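Read the structure below first, then the notes.
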Amino acid sequence: MGKLNKAWLNENKFTRNILNSLMQLPHLVELHLEGNQFSGKNPELKYPDVLKSLDLKDKSTSPSTPTVIVIFVTLVIVFFFVMDEKGAFGFEDLIKADAEVLGNSRTEEKLIISEHMPCSSLLFAFLGDRGLIHGRLNWQNRLKIIKGIADRLGYIHAQLATYVVPHANLKSCNVFLTETYDPLLSDYGFHQFVNSDNVVRGLFAYRSPECLQNQQYVSPKSHVYCLGIVILETMTGKYPSHYLNNGDGGIEVVQWAQSSISENYNEKLIDPDMLSSGPASIDQMIKIIKIGVACTKSNSDQRLNLNVVINKIEEVN
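Counting in the UniProt record's numbering, the sequence shown runs without a single skipped number right up to 317 at its last residue.
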């Protein structure tokens, strides 16, 4: 437990008190808690420089931390312990055993445990890792990721055609990466089982302009908007402020991209790390960025249809 050094618990809709023991870990050097709805008394930080960001607006008193948060933190600790002590591969049985113990804990909440992803998530590749995983985010791999996300989103739409928005929570933290940087989408379809309108509307698709400004019900074009945000994030390497509940933090990538394109400052949008990591075509990069901009227009009627987006992305080499 003491060997945990980084933890990303952002955008998980956690509520109530922050787990005090998490703040006391001696080797914790980075902790992300933004995008949650914590309340109660703030725990003391043993190492105050650890906390990267924490959204504590709209605080109110409430009971102690739900068991699910304790379990989730334990899952993170188990993962880092295995990585640190023995390496990530060859210990599937150990991880499964830990997951079984955690799953049998007394709690009403349901846990979803997926297989280990060597490169973690797209968000981690950009913000949580400045080593090998991030270093391999060259143009070829980023284009592969974008094409894969679009293709898989199209597949989900085809298979779950009766749902207005089959995913509803498409963002970089819900895109896992394999060793070869193939993207795998997670966290889709679950909102159909959630009864609370407040929880459902906390999903990213419900932050599209038509939902926020006009209170219109979410539509397939909301999915296109989410895809556009991920495209712009992937190409610029910037964390979008759109992911945060209050918009306080990150970069307003949509406005930045739109203004840069209109003023013909296209190349300023390209992540410098991508240019320095291998052969790249500026023209092809700008094409992808413009697709992302077309996906994020404020007027949903002016956005591209998902199938059109997929075809346009496939045309880029």
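Note that the Cβ used here is the ideal one computed from N, Cα and C, for glycine as well. Please read all numbers here as calculations on a predicted model, not as lab measurements.
Following the continuous beta strand (DSSP E) through residue i, name the residue where it begins and the one where it ends.
i           : result
residue 338 : Since the first and last residues shown for the chain are 1 and 317, residue 338 lies out of range.
V218        : Premise fails: V218 is in no beta strand (DSSP E) and is neither H nor E.
L9          : Careful: L9 lies outside any beta strand (DSSP E) and carries neither H nor E.
L269        : Here L269 belongs to no beta strand (DSSP E), and DSSP marks it neither H nor E.
L177        : 175 to 177
Do residue i and residue j have their CB atoms nearer than 8 Å?
i           : j    : result
Y188        : H167 : yes
K287        : V316 : yes
residue 392 : R152 : The first residue shown for the chain is 1 and the last is 317, placing residue 392 beyond what the model contains.
I310        : K290 : no
G128        : W8   : yes
C295        : V218 : no
F124        : N169 : no
In terms of residue numbering, what span does the alpha helix (DSSP H) encompassing residue i cover?
i    : result
V309 : 306 to 314
P240 : P240 -> no alpha helix (DSSP H), and no H or E assigned at all.
P272 : 272 to 275
L185 : Careful: L185 lies outside any alpha helix (DSSP H), inside the beta strand (DSSP E) at 183 to 185.
L132 : 132 to 135
A257 : 253 to 262
Q284 : 282 to 295
Relative to the C-alpha of residue i, which candidate in the options has its C-alpha closest?
i    : options                : result
E115 : N169, L177, K287       : L177
L227 : L304, E263, V316       : L304
Y155 : I313, E314, N307, K312 : N307
K312 : K147, L232, S222       : K147
P240 : A150, L160, I145, R207 : R207
L232 : L9, W8, I145, A7       : I145
D273 : F204, N264, S300, R142 : R142
I149 : S300, D283, G292, D301 : G292
Pull up the distance between the alpha-carbon of residue i and that of residue j, whole angstroms please.
i           : j    : result
G135        : Q213 : 39 Å
F126        : N174 : 13 Å
residue 318 : M235 : Not covered by the structure: residue 318. The range shown for the chain is 1 to 317.
K297        : E252 : 13 Å
K238        : W139 : 15 Å
L160        : V230 : 21 Å
S186        : E263 : 36 Å
Y181        : N266 : 26 Å
L137        : N299 : 32 Å
E179        : S121 : 11 Å
Q302        : E314 : 21 Å
K268        : Q284 : 14 Å
Please classify residue i as buried or exposed, where buried requires at least 16 neighbouring CB atoms within 10 angstroms.
i           : result
K171        : buried
S64         : Only weak support exists for where S64 lies, its pLDDT of 40 falling under 50; the coordinates are left without a value.
T162        : exposed
L132        : exposed
E210        : buried
S259        : exposed
K221        : buried
residue 328 : Within the shown structure, residues of the chain are numbered from 1 to 317, placing residue 328 beyond reach of any answer.
S276        : exposed
How about residue i: is its C-beta nearer than 8 Å to some C-beta of chain E?
i    : result
T180 : Structure shown: chain E not included; a single protein chain is present.
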